[in-house]
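J.: Under the working numbering, the sequence shown has 101 at position 71, and the numbering climbs by one with no breaks.
Every residue, glycine too, gets a C-beta built ideally from N, C-alpha and C.
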Amino acid sequence: MKVRKDDNTSSEKCNEMSKFYHGKFDDIPTLTSIAYLHQKQHQNYILVDVRSQAEQKLSMIPHAITMGDFERRMKKLQHGDDWDDGNHDNNIDDSTTIVTYCTIGYRSGLEGRRLRDEYNLYGRIMNLDGIVCYTHACKEMQSKGNGESFSLVDPTTNQETNQVHVFGEAWNYTHNSFTPTYFSKPVMAFRGLSVGCKSFFRTFLCCGRRAKKKIT
Numbered sequence: 031m032k033v034r035k036d037d038n039t040s041s042e043k044c045n046e047m048s049k050f051y052h053g054k055f056d057d058i059p060t061l062t063s064i065a066y067l068h069q070k071q072h073q074n075y076i077l078v079d080v081r082s083q084a085e086q087k088l089s090m091i092p093h094a095i096t097m098g099d100f101e102r103r104m105k106k107l108q109h110g111d112d113w114d115d116g117n118h119d120n121n122i123d124d125s126t127t128i129v130t131y132c133t134i135g136y137r138s139g140l141e142g143r144r145l146r147d148e149y150n151l152y153g154r155i156m157n158l159d160g161i162v163c164y165t166h167a168c169k170e171m172q173s174k175g176n177g178e179s180f181s182l183v184d185p186t187t188n189q190e191t192n193q194v195h196v197f198g199e200a201w202n203y204t205h206n207s208f209t210p211t212y213f214s215k216p217v218m219a220f221r222g223l224s225v226g227c228k229s230f231f232r233t234f235l236c237c238g239r240r241a242k243k244k245i246t
């Protein structure tokens, strides 16, 4: 039986790891989960979950959209169509800040940088500290006793859930009130390699499109 980590220790560790990964993307500003929860009612944020479908299937941050959805809507805007999908929480305008997130900040840093370059979102992209840190922020906000519920949601039912996918055991530092799941080491190694390949391929395509625009 595995011993659960102390919440204070887990919080410190996930913050430490998040800062390490975010340090690799000093051109993408960091948004902490606590700051996001404090500001989300007053700031125009669109949360973009860049994780895999297997991770998203377990839970997502409320009101987040997938990266696929985000890019489809951005392409609609580029063709002069409306963004609005009926969810007014996710409408976009010049005041909107796009916030990417993953487990701890590495994949979201890669994709945030790519989205910024591909869709000319300079000054409008931020990188959340990650869904692991978000679990601690939820409990910190709830401890203040304002009656508001903070949690994750099952994207299929839109109901609150304490299930969360942390990608690999190395990032298993969620708050103890959440139940973590992660890939086995072989699966994680394969998916980690896929992340690098996909990022390189998408960046290559983005650079190609930008070069083509300059020529034309």
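Within its chain, find whatever has a CB closer than 6 Å to the CB of Y75; leave out the 5 residues flanking it on each side and keep chain order.
T.: Only residues of its own chain outside the window of five on either side were considered, and among them T127, V129 have a CB closer than 6 Å to the CB of Y75, listed in chain order.
J.: Under the rule that 16 or more other beta-carbon atoms within 10 Å means buried, what is F50, buried or exposed?
T.: exposed
J.: Would you call the segment 165-180 and the segment 79-86 touching, i.e. three or more CB-CB distances under 8 Å?
T.: no
J.: Are the CB atoms of L158 and Y131 within a distance shorter than 7 Å?
T.: yes
J.: May I have the straight-line CA-CA distance separating G110 from M104, to the nearest angstrom?
T.: 10 Å
J.: Got a sec, what are the start and stop residues for the beta strand (DSSP E) L151 sits in?
T.: No beta strand (DSSP E) contains L151, which DSSP labels as neither H nor E.
J.: Go through its chain and collect everything with a Cβ distance to M218's Cβ below 6 Å, but skip five positions before and after it.
T.: G198
J.: On the DSSP letters alone, give me the boundaries of the beta strand (DSSP E) that M1 sits inside.
T.: Residue 1 lies beyond the range of the chain shown here (31 to 246); nothing can be said about it.
J.: Run the CB neighbour count on H205, radius 10 Å, all protein chains shown included, and call it buried at 16 or more, exposed below.
T.: With 16 or more Cβ atoms within 10 Å of its Cβ, H205 is classed as buried.
J.: Give the range of the beta strand (DSSP E) segment to which H195 is assigned.
T.: 193-195
J.: Hey, P185 and M90 are a contact pair by Cβ (cut 8 Å); roughly how many whole angstroms apart?
T.: 5 Å
J.: Near S207, what residues of its chain come up, given a Cβ to Cβ distance below 7 Å and the 5 sequence neighbours on each side ignored?
T.: K169, N192
J.: If I measure Cβ to Cβ from V194 and keep anything under 8 Å in the same chain, skipping five residues before and after, which residues do I get?
T.: Once the five neighbours on either side are set aside, the close Cβ partners of V194 are L88, S89, I161, V162, T165, L182, T204, F208, T209, P210, T211.
J.: Quick one, which of T133, V78, L140, S138 has its alpha-carbon nearest I122's?
T.: V78
J.: Pick helix, strand or coil for T165, following the three-state DSSP scheme.
T.: Secondary structure of T165 (DSSP, three-state): helix.
J.: Select from H72, S63, V80 the residue whose C-alpha is nearest the C-alpha of G142.
T.: V80
J.: Please state whether DSSP places K32 in a helix, a strand or coil.
T.: Residue placement at K32 is flagged as unreliable, the pLDDT there being 49, under the threshold of 50; a coordinate-derived value is accordingly withheld.
J.: Let me know the secondary structure DSSP gives H118 once reduced to three states.
T.: With a pLDDT of 48 at H118, under the threshold of 50, the modelled position of this residue cannot be trusted; read the value that follows with caution. Correct three-state label for H118: helix.
J.: Since I believe G139 is in contact with H52 (beta carbons under 8 Å), could you give me their beta-carbon distance rounded to a whole number of angstroms?
T.: 7 Å
J.: Determine the extent of the beta strand (DSSP E) in which T186 is found, giving its start and end residues.
T.: Premise fails: T186 is in no beta strand (DSSP E) and is neither H nor E.
J.: State the Cα-Cα distance for the pair Q71 and C44, rounded to the nearest angstrom.
T.: 25 Å
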